[in-house]
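Reviewing the structure listed below.
Residue numbers (this note's numbering): 520 to 665.
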């Protein structure tokens with residue numbers, strides 16, 4: 520029985536692995552939702568060194584950076600190397616309705632969680648309507664009725 524040899528099969532597989540690793544390194548998946556009077560941003564940073572995580576706000580741009588270091592470099596023969604390494608970075612433009620000076624961050628189990636409160640001036644509020652017992656009221660035209 521003859522074995523079919525494709526000299527480009529391994530090269531194609533290797534190229535596919537490299538391309539998918541580069542795509543994965545370039546992305547930083549997020550979930551964003553509102554819970555009451557704050558937003559929660561969950562950012563996947565698997566394997567990131569907690570000491571390299573940097574969250575920065577400048578003007579209205581929220582920047583998240585983290586780094587994942589490579590495995591052993593010396594005296595190993597890689598059989599598969601699909602996990603991306605390097606610097607993760609993501610920038611988001613945020614609204615003026617957020618209290619950017621009150622953001623809190625927590626990193627656990629490979630997920631960075633940011634709690635971003637809504638600014639006090641942007642929160643919904645109830646406005647009390649004053650009314651008097653007097654039968655004299657000003658109408659929209661400015662004339663008084665009795």
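For every residue, glycine included, the Cβ atom is placed at its ideal position computed from N, Cα and C.
Three-way DSSP call (helix, strand, coil) for residue 610 in this model: Residue 610 sits at position 91 when you count from the first residue of the chain shown. Three-state result, residue 610: strand.
Where the beta strand (DSSP E) through residue 577 begins and ends: Within the chain shown, numbered from 1, the residue matching residue 577 stands at position 58. Segment 573–577, the beta strand (DSSP E) holding residue 577.
Exposure label - residue 585; buried when at least 16 CB within 10 Å: Your numbering for residue 585 matches position 66 in the chain shown. Classification of residue 585: buried, given that the 10 Å Cβ count is 16 or more.
Own chain partners of residue 636 with C-beta closer than 6 Å, once the 5 adjacent residues on each side are dropped: Taking the chain shown and counting its residues from 1, the one referred to as residue 636 is at position 117. Counting only Cβ-Cβ distances below 6 Å, and skipping sequence neighbours, we find 557, 618 and 621.
Whole-Å CB distance - residue 629 paired with residue 563, under 8 Å assumed: In the chain shown, residue 629 corresponds to position 110, counting from 1. In the chain shown, residue 563 corresponds to position 44, counting from 1. Going by Cβ atoms, the distance from residue 629 to residue 563 rounds to 7 Å, so yes, they are a contact pair.
Where residue 556 falls: helix, strand or coil (DSSP): Numbered from 1 along the chain shown, position 37 holds the residue referred to as residue 556. For residue 556, the three-state secondary structure derived from DSSP is coil.
Beta-carbon proximity check, residue 553 vs residue 582, cutoff 9 Å: Position 34 of the chain shown, counting from 1, holds the residue named residue 553. Position 63 of the chain shown, counting from 1, holds the residue named residue 582. Cβ distance not < 9 Å, so residue 553 and residue 582 don't count as in contact.
Spatially closest choice to residue 575 from 633, 644 and 650, by CA coordinates: Start at 1 with the first residue of the chain shown, and residue 575 comes out as number 56. Per the Cα distances, 633.
Residue 603 - DSSP class collapsed to helix/strand/coil: Taking the chain shown and counting its residues from 1, one reaches residue 603 at position 84. Reduced to three states, the DSSP call for residue 603 is coil.
Any C-beta of chain B under 9 Å from that of residue 573: In the displayed structure, chain B is absent; only one protein chain is listed.
Start and end residues, beta strand (DSSP E) containing residue 635: In the chain shown, residue 635 corresponds to position 116, counting from 1. Its beta strand (DSSP E) spans residues 630–636.
Separation of residue 555 from residue 643, as counted between CA atoms: Counting from 1 along the chain shown, the entry for residue 643 is found at position 124. Counting from 1 along the chain shown, the entry for residue 555 is found at position 36. Each residue's alpha carbon lies about 11 Å from the other.
Assigned secondary structure, residue 619 (DSSP; H/G/I helix, E/B strand, else coil): Indexing the chain shown from 1 puts residue 619 at position 100. Helix at residue 619.
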